[in-house]
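Trainee: These protein sequence lines are chains A and B, in that order. Number 428 marks the last residue of the first sequence (the numbering used here); no jumps. Number 690 marks the last residue of the second sequence (the numbering used here); no jumps. Here a beta-carbon is modelled for each residue, glycine too, at the ideal position from N, C-alpha and C. The model shown is predicted, which means the values in this text are computed figures rather than measured ones. This is the structure, below, for whatever I ask next.
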Amino acid sequence: MISSIIFILAFGAAIYLFSKNIGKVIRNIKLGKPLDRSDNRAERFKVMAKVALGQSKMVIRPVAGIMHIIVYLGFVLINIEVLEIIIDGIFGTHRFFASPLGSIYTLAINFFEILAVGVIIACVVFLVRRNILKIDRFSKPELKGWPFKDANIILFIEIILMGALLKLNAVEANIEGALEKPFIISQYIAPFFASFNQDTLHIFERVFWWFHILGIFAFLNYLPFSKHFHILLAFPNTYFSNLNPKGKFTNMESVTNEVKIMLDPSYTPATDIPAGRFGAKDVNDLTWKQLLDAYTCTECGRCTSECPANQTGKLLSPRKIMMDTRDRLEEVGRNIDINGEFKEDGKSLLGSYITEEEILACTTCNACVQACPVNIDPLSIIVDLRRYLIMEESKAPAEWAGMLTNIENNGAPWQFSPSDRFNWANEN
Amino acid sequence: MENLKVPTMAECAAKGEMPEVLFWVGCAGSFDDRAKKITKALVKILNHTHTSFAVLGTEESCTGDPAKRAGNEFLFQMQALNNISVLNGYGVKKIVTACPHCFNTLKNEYPELGGNYEVIHHTQLLQGLIDSGKLKVQGGSFKGKRITFHDPCYLGRANNEYEAPRAVIEKLDSELIEMKRCKERGFCCGAGGAQMFKEAEKGKKEVNIERTEEALSTNPNIIATGCPFCNTMMTDGVKHFEKEESIKVLDVAELIAQAQDL
Numbered sequence: 001m002i003s004s005i006i007f008i009l010a011f012g013a014a015i016y017l018f019s020k021n022i023g024k025v026i027r028n029i030k031l032g033k034p035l036d037r038s039d040n041r042a043e044r045f046k047v048m049a050k051v052a053l054g055q056s057k058m059v060i061r062p063v064a065g066i067m068h069i070i071v072y073l074g075f076v077l078i079n080i081e082v083l084e085i086i087i088d089g090i091f092g093t094h095r096f097f098a099s100p101l102g103s104i105y106t107l108a109i110n111f112f113e114i115l116a117v118g119v120i121i122a123c124v125v126f127l128v129r130r131n132i133l134k135i136d137r138f139s140k141p142e143l144k145g146w147p148f149k150d151a152n153i154i155l156f157i158e159i160i161l162m163g164a165l166l167k168l169n170a171v172e173a174n175i176e177g178a179l180e181k182p183f184i185i186s187q188y189i190a191p192f193f194a195s196f197n198q199d200t201l202h203i204f205e206r207v208f209w210w211f212h213i214l215g216i217f218a219f220l221n222y223l224p225f226s227k228h229f230h231i232l233l234a235f236p237n238t239y240f241s242n243l244n245p246k247g248k249f250t251n252m253e254s255v256t257n258e259v260k261i262m263l264d265p266s267y268t269p270a271t272d273i274p275a276g277r278f279g280a281k282d283v284n285d286l287t288w289k290q291l292l293d294a295y296t297c298t299e300c301g302r303c304t305s306e307c308p309a310n311q312t313g314k315l316l317s318p319r320k321i322m323m324d325t326r327d328r329l330e331e332v333g334r335n336i337d338i339n340g341e342f343k344e345d346g347k348s349l350l351g352s353y354i355t356e357e358e359i360l361a362c363t364t365c366n367a368c369v370q371a372c373p374v375n376i377d378p379l380s381i382i383v384d385l386r387r388y389l390i391m392e393e394s395k396a397p398a399e400w401a402g403m404l405t406n407i408e409n410n411g412a413p414w415q416f417s418p419s420d421r422f423n424w425a426n427e428n
Numbered sequence: 429m430e431n432l433k434v435p436t437m438a439e440c441a442a443k444g445e446m447p448e449v450l451f452w453v454g455c456a457g458s459f460d461d462r463a464k465k466i467t468k469a470l471v472k473i474l475n476h477t478h479t480s481f482a483v484l485g486t487e488e489s490c491t492g493d494p495a496k497r498a499g500n501e502f503l504f505q506m507q508a509l510n511n512i513s514v515l516n517g518y519g520v521k522k523i524v525t526a527c528p529h530c531f532n533t534l535k536n537e538y539p540e541l542g543g544n545y546e547v548i549h550h551t552q553l554l555q556g557l558i559d560s561g562k563l564k565v566q567g568g569s570f571k572g573k574r575i576t577f578h579d580p581c582y583l584g585r586a587n588n589e590y591e592a593p594r595a596v597i598e599k600l601d602s603e604l605i606e607m608k609r610c611k612e613r614g615f616c617c618g619a620g621g622a623q624m625f626k627e628a629e630k631g632k633k634e635v636n637i638e639r640t641e642e643a644l645s646t647n648p649n650i651i652a653t654g655c656p657f658c659n660t661m662m663t664d665g666v667k668h669f670e671k672e673e674s675i676k677v678l679d680v681a682e683l684i685a686q687a688q689d690l
């Protein structure tokens, strides 16, 4: 009875805290500019099913991809068991599903145990890749400090949680009458607990049980502060993917109105589009989808490892663009938490986080967009920052300024006369 | 003296004719000495296959692609709206271009500004001509040669066209060898996003050197491209490695024109 009350309180606190923090994330995402992605629902579900649920872009790199699928399956399926833990916790039952499901229950737990071992192996491999092999994309400057630790913390927690699950089953295998028969993996761990008496085993059982579920509650509340948030946001993020060809950059309607007025002074815009700022200087100039992208990024660095600028030693890293966007957005969010509304802090995404040198190095090749396993679009942010730099601050590098003047005056990026444009047809 | 027949839209309109397709030459194709050869190769093919086409000549102007990629939406839209008024004035329905940047801009970014056309890349046109039997291709001097194709970003990833250039190259009885990073994972030549028009930012290496190195590792006789800017970047890369005597950088249109002795 007392344990049920403690459980309900812990469960309630976990859900409350999680909802509160999710609320803040949603509020932050809503700081972004509007963008209509309510169209093509069928197509959007298809993309989500393929890319998020089906992990189609993960397996392009087979080692990391297959390992990731094991962890992903483990996470999704083993969490079915959490449902039982919650029922047991609230009603003080023991393995609620065991007797109604019978042999199916044993089969399911056996399958979960195999998955748990798979998850542990995959997490160990991931730790080795990050900490011992020091794979290039995990050793970039933007991962120094917290992001590097964050990744290790996640992997350790997963190993510990899976370990607790196996140990719980192993202890129960030694408790008289607890299980019909031991489960497939934990039966080999069971002998380690065989020498303890029944009273001690009951204590162990409770300890592992509580450790497992409290660990899950804690992990749930770690998500909104971690790169691991992708396990939830991958789904909405792929659903709201850009369905246009990647080469199509957004059309700026506010500019269209001004250009049309310039070309034809009698032109009256059909809709009243607020001019506002051209391009993006800070996170609230970006769209909500670009901000959702930032929260979804799990910092895997596949974008950066395919980026021609980054791979030839330039400062630009698409992953850093996403991390900076999230960091700045979180900073703006904290500012709002403290002041009730955003109080000018003299900082901005472009300038305080992302430098001009970074965004100018982009070849707009879309390799980062293609590489992202959850359809994040770092390029759109880079282009919006460039638009601000060029149109609001007129800060084009000298060579670009020349190129732009040539287009304006000669209709070509080079200094040729437009009247010579057709000369090629008569040249040898 | 080559005998190219290059009708302009103005001439056609004066005669009351409407060509099937407008050949959008682009700035590189009009002004850059190397790219002009690609333009002429395509015209030869169009003449050879009796394709009904015309160009805008001096009425053509930059699509605005480099302005848009650099972030100058104003200039882009000025260019786009002016070009659209010319194109719509002639009632253009279909456009072919030998530049993936023009291709992408005309196809994807003009419709929202009132320019709606069927836009194809010249490799798609070539594939169509071959498939319909209008263009017979034999390997000629390229028979048995090792050719590697460098995917232009704005044809490949930007518009998901990976097969047309390859289908055309395969008609040459040559050996098409893929680089490690190809198709969806093709590595940029370094020119896109208006990088063509400025020095690169500080780094360890030039992008085109990295890409050329990869192309050379396939031990090719020819590096094929489908973009005048990729062509420049790869040609510079080959020169950097002093391989210009043994390895040619050619556009897909040039491969076809040369193979048929056009």
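Using Cβ-Cβ distances below 9 Å, what residues of the segment 9 to 36 of chain A are close to chain B?
Mentor: none
Trainee: Measure the beta-carbon distance from Thr212(A) to Leu161(A) and round it to whole angstroms, keeping in mind my assumption that it falls under 8 Å.
Mentor: Numbered from its first residue, the first sequence carries residue 212(A) at position 212. Numbered from its first residue, the first sequence carries residue 161(A) at position 161. Before going further, note that residue 212(A) is His rather than Thr in the sequence given. That belief holds up - the Cβ atoms of His212(A) and Leu161(A) are roughly 6 Å apart, short of 8 Å.
Trainee: Looking at Ile29(A): is its Cβ nearer than 8 Å to the Cβ of Tyr295(A)?
Mentor: Here the question's residue 29(A) lines up with position 29 in the first sequence. Here the question's residue 295(A) lines up with position 295 in the first sequence. It is a contact, given that the beta carbons lie within the stated cut-off.
Trainee: Within 8 Å (strictly less), CB to CB, does Tyr590(B) reach chain A?
Mentor: If you number the second sequence from 1, residue 590(B) lands on position 162. No, Tyr590(B) does not count as interfacial toward chain A.
Trainee: Name the one or two DSSP bridge partners that Ala652(B) has.
Mentor: Within the second sequence, numbered from 1, the residue matching residue 652(B) stands at position 224. In the DSSP output, where bridge partners are listed per residue, Ala652(B) has Phe577(B) and Leu678(B).
Trainee: By DSSP's criteria, Lys522(B) is part of a beta bridge. Which residues make up the other side?
Mentor: Against the second sequence, residue 522(B) aligns to sequence position 94. Looking at the DSSP assignment, Lys522(B) forms a beta bridge with Glu546(B).
Trainee: Let's see if you can read the secondary structure: which residues bound the beta strand (DSSP E) around Phe138(A)?
Mentor: Position 138 of the first sequence, counting from 1, holds the residue named residue 138(A). No beta strand (DSSP E) holds Phe138(A); DSSP gives it neither H nor E.
Trainee: When you compare the CB of Ile376(A) with every CB in chain B, is at least one pair closer than 8 Å?
Mentor: Position 376 of the first sequence holds residue 376(A). Closer than 8 Å: no.
Trainee: Using a Cβ cut-off of 8 Å, which residues of the segment 299 to 319 of chain A contact any Cβ in chain B, in chain order?
Mentor: Glu306, Pro308, Ala309, Gln311, Thr312, Gly313, Lys314, Leu315 and Leu316
Trainee: For Asn500(B), which residues in chain A fall below 7 Å Cβ to Cβ?
Mentor: On the second sequence, residue 500(B) is found 72 positions in, with the first residue counted as 1. Near Asn500(B) (Cβ distances below 7 Å), the residues of chain A are Ile390, Met391 and Leu404.
Trainee: Just by C-beta distance, which residues in the segment 627 to 642 of chain B are closer than 9 Å to chain A?
Mentor: Glu627, Ala628, Glu629, Lys630, Gly631, Lys632, Lys633, Glu634, Val635, Ile637, Glu638 and Arg639
Trainee: Name the residues in the segment 433 to 456 of chain B whose C-beta lies less than 8 Å from a C-beta of chain A; which are they?
Mentor: Correct list: Val434, Thr436, Val453 and Cys455.
Trainee: Using a cut-off of 7 Å between C-beta atoms, extract the partners of Lys248(A) located in chain B.
Mentor: Position 248 of the first sequence holds residue 248(A). The answer, in chain order, is Asn536 and Glu537.
Trainee: Is the Cβ of Met252(A) closer than 8 Å to any Cβ of chain B?
Mentor: As a position in the first sequence, residue 252(A) is number 252, starting the count at 1. Yes, its Cβ sits closer than 8 Å to a Cβ of chain B.
Trainee: Distance cutoff 8 Å, beta carbons only. Does Glu673(B) sit that close to anything in chain A?
Mentor: If you number the second sequence from 1, residue 673(B) lands on position 245. No, Glu673(B) does not count as interfacial toward chain A.
Trainee: At which residues does the beta strand (DSSP E) containing Trp452(B) begin and terminate?
Mentor: Looking up residue 452(B) in the second sequence gives position 24. Start and end: Val449 to Trp452.
Trainee: When burial is assigned at 16 or more other CB atoms within 10 Å of the CB, is Thr200(A) buried or exposed?
Mentor: Within the first sequence, the letter at position 200 stands for residue 200(A). It is exposed - the Cβ of Thr200(A) has fewer than 16 other Cβ atoms within 10 Å.
Trainee: Under 6 Å Cβ to Cβ from Lys522(B), same chain only, skipping five residues before and after it: list those, please.
Mentor: Sequence index remark: in the second sequence, residue 522(B) carries index 94 (1-based). Around Lys522(B): Val449 and Glu546.
Trainee: Under 8 Å between C-beta atoms, does Cys655(B) make it to chain A?
Mentor: Counting from one through the second sequence, the residue named residue 655(B) turns up at place 227. No, its Cβ sits nowhere closer than 8 Å to a Cβ of chain A.
Trainee: If we ignore side chains and look at the alpha-carbon of each, how far apart do Tyr105(A) and Ile203(A) end up?
Mentor: Taking the first residue of the first sequence as 1, we reach residue 105(A) at position 105. Taking the first residue of the first sequence as 1, we reach residue 203(A) at position 203. Each residue's alpha carbon lies about 24 Å from the other.
Trainee: Going by beta-carbon coordinates alone, are Pro656(B) and Ile675(B) separated by less than 8 Å?
Mentor: Here residue 656(B) refers to the residue found at position 228 when the second sequence is read from its first residue. Here residue 675(B) refers to the residue found at position 247 when the second sequence is read from its first residue. Going by C-beta atoms, Pro656(B) is not nearer than 8 Å to Ile675(B).
Trainee: What's the call for Ala42(A), buried or exposed, on a 16-neighbour Cβ count within 10 Å?
Mentor: Counted from its first residue, the first sequence places residue 42(A) at position 42. Exposed is the call here.
Trainee: Whole-angstrom Cβ separation of Gly74(A) and Leu115(A), contact assumed at under 8 Å?
Mentor: To locate residue 74(A), count along the first sequence from 1; it is residue 74. To locate residue 115(A), count along the first sequence from 1; it is residue 115. The pair is a contact, with the Cβ atoms about 4 Å apart (cut-off 8 Å).
Trainee: Given a threshold of 16 other Cβ atoms within 10 Å of its Cβ, counted over all protein chains shown, does Met262(A) qualify as buried or as exposed?
Mentor: Along the first sequence, one-based indexing puts residue 262(A) at 262. With fewer than 16 Cβ atoms within 10 Å of its Cβ, Met262(A) is classed as exposed.
Trainee: Taking only three categories from DSSP, how would you classify Lys472(B)?
Mentor: By one-based count along the second sequence, residue 472(B) stands at place 44. Three-state DSSP puts Lys472(B) in a helix.
Trainee: If you run the structure through DSSP and keep just helix, strand and coil, what is Ala14(A)?
Mentor: Taking the first residue of the first sequence as 1, we reach residue 14(A) at position 14. Reduced to three states, the DSSP call for Ala14(A) is helix.
Trainee: Looking at the C-beta of Leu360(A), does it have a partner C-beta in chain B at a distance below 8 Å?
Mentor: Translated into the one-based positions of the first sequence, residue 360(A) becomes position 360. Any Cβ of chain B closer than 8 Å to the Cβ of Leu360(A) would place that residue at the interface, and such an atom is present.
Trainee: Could you tell me which of Gly215(A), Lys320(A), Tyr188(A) and Lys144(A) sits nearest to Ile159(A), measuring between CA atoms?
Mentor: Indexing the first sequence from 1 puts residue 159(A) at position 159. Minimum Cα distance to Ile159(A) is reached at Gly215(A).
Trainee: For Phe156(A), is the classification buried or exposed, using 16 other Cβ atoms within 10 angstroms of its Cβ as the cut-off for buried?
Mentor: Residue numbering aside, residue 156(A) sits at position 156 when the first sequence is read from its first letter. So Phe156(A) counts as exposed.
Trainee: Comparing the C-beta of Trp424(A) with each C-beta of chain B, is any distance below 8 Å?
Mentor: Against the first sequence, residue 424(A) aligns to sequence position 424. Yes - at least one Cβ of chain B is within 8 Å of the one on Trp424(A).
Trainee: In chain order, which continuous runs of the beta strand (DSSP E) of length 3 or greater are located wholly inside the segment 479 to 540 of chain B?
Mentor: Here the runs fully enclosed are 522 to 525.
Trainee: Determine the direct distance from the alpha carbon of Phe183(A) to that of Ala10(A), and round the result to whole angstroms.
Mentor: Taking the first residue of the first sequence as position 1, residue 10(A) is located at position 10. Taking the first residue of the first sequence as position 1, residue 183(A) is located at position 183. Approximately 29 Å between the Cα atoms of the pair.
Trainee: Would you mind working out which of Gly444(B), Ala592(B) and Val471(B) sits nearest Gly457(B), comparing C-alpha positions?
Mentor: Numbered from 1 along the second sequence, position 29 holds the residue referred to as residue 457(B). When each option's Cα is compared against that of Gly457(B), the closest is Val471(B).
Trainee: Would a check of beta-carbon distances place Lys599(B) closer than 8 Å to chain A?
Mentor: Taking the second sequence and counting its residues from 1, the one referred to as residue 599(B) is at position 171. Chain A places no beta carbon closer than 8 Å to that of Lys599(B), leaving this residue out of the contacts.
Trainee: Using a Cβ-Cβ distance under 8 Å, would Pro494(B) count as near chain A?
Mentor: Your numbering for residue 494(B) matches position 66 in the second sequence. At least one chain A Cβ lies under 8 Å of Pro494(B).
Trainee: Can you say whether Asn131(A) is buried or exposed, counting buried as having 16 or more other CB atoms within 10 angstroms of its CB?
Mentor: Taking the first residue of the first sequence as 1, we reach residue 131(A) at position 131. Exposed is the call here.
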